[in-house]
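Numbering (the working numbering), first residue to last: 261 to 419.
Report on the structure given below.
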Amino acid sequence: MKIHFIGIGGIGVSALAKYYLEKSCQVSGSDLVSSEITKALRKKGAKLLIGKHKAKNLPKNVDLVIYSPAVPKDNPELKEAKKLKIKYLSYPEALGDLTKKYFTIAVSGTHGKSTTAAMTGLLLKKAGFDPTVIVGTKLKEFRNSNCRVGKSRYLVIEA
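Now the structure itself:
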């Protein structure tokens, strides 16, 4: 599967990109600025474009476009995906779609979501449940990543 991410440098969107890279998908993406996050994604195999968003940034034969909530509806890449009738999902929609494949533990609230989701993921890992974890912060226990892909049916996310 070929997936293009608009706003790939964001903490949430980058976690999904890492997840799909681990699942052997072809990942491409764009962001306005280079960062540690975009550099790490490049090292993992993502094809990235940094700078102004343009319709031509959308690779050929893309199956799915996932965009950050920070991306405006008139973004040229998003408009091109719509024009070409490519399936597109916002980050929350894409995360919701992913939960259909797992027994999901979603942590919600105003404060402490990242900490609580991370602790839940670590507890499940230590207990031998091997969960997939997507959080809004990098964890040293997950190799300084915001995503850990496990082999079990459990998924821990921030909601």
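Even for Gly, the Cβ is constructed at its ideal location relative to N, Cα and C.
Keep in mind it's a predicted model, so treat the numbers as computed, not measured.
Cut-off 7 Å between Cβ atoms - residues of its own chain near residue i, not counting five sequence neighbours on either side
{"i": "A330", "result": "G267 and G270"}
Range covered by the beta strand (DSSP E) that runs through residue i
{"i": "Y327", "result": "L324 to Y327"}
{"i": "G396", "result": "T392 to L399"}
Alpha-carbon to alpha-carbon, residue j and residue i
{"i": "L344", "j": "A277", "result": "22 Å"}
{"i": "E220", "j": "L382", "result": "Because the chain is modelled from 261 through 419, residue 220 falls outside the range shown and cannot be assessed."}
{"i": "Q286", "j": "G356", "result": "21 Å"}
{"i": "P332", "j": "H313", "result": "11 Å"}
Residue i - containing alpha helix (DSSP H), residue span
{"i": "L472", "result": "Missing from the structure shown is residue 472; the chain here goes from 261 to 419 and no further."}
{"i": "R408", "result": "Looking at the DSSP string, R408 is not in any alpha helix (DSSP H); the run it does join, the beta strand (DSSP E), is S405 to R408."}
Residues near residue i by beta carbon distance below 8 Å, same chain, minus five either side
{"i": "N404", "result": "K398"}
{"i": "F389", "result": "G410, S412 and Y414"}
{"i": "L308", "result": "I268, S288, G289, S290, D291, T298, L301 and R302"}
Spatial neighbours of residue i in its chain, beta-carbon cut-off 6 Å, leaving aside the 5 residues before and after
{"i": "C407", "result": "A275, K278, Y279 and I394"}
{"i": "N317", "result": "S290, L309 and E337"}
{"i": "T325", "result": "A quick correction: the sequence has Val, not Thr, at residue 325. The residues are H264, A341, I346 and Y348."}
CB-CB length for residue i against residue j, believed under 8 Å
{"i": "N321", "j": "K283", "result": "With a Cβ gap of about 18 Å, N321 and K283 do not count as contacting."}
{"i": "G305", "j": "G396", "result": "With 8 Å as the limit, G305 and G396 do not qualify as a contact, their Cβ atoms being about 23 Å apart."}
Self-check item: Contact the stretch 376-386 vs the stretch 340-359: 3+ CB pairs below 8 Å
Solution: Using a C-beta cut-off of 8 Å, the stretch 376-386 makes no contact with the stretch 340-359, since fewer than three inter-stretch Cβ pairs fall below that distance.
Quiz item: Should the stretch 352-372 be regarded as contacting the stretch 331-342, the criterion being three or more beta carbon pairs within less than 8 Å?
Solution: no
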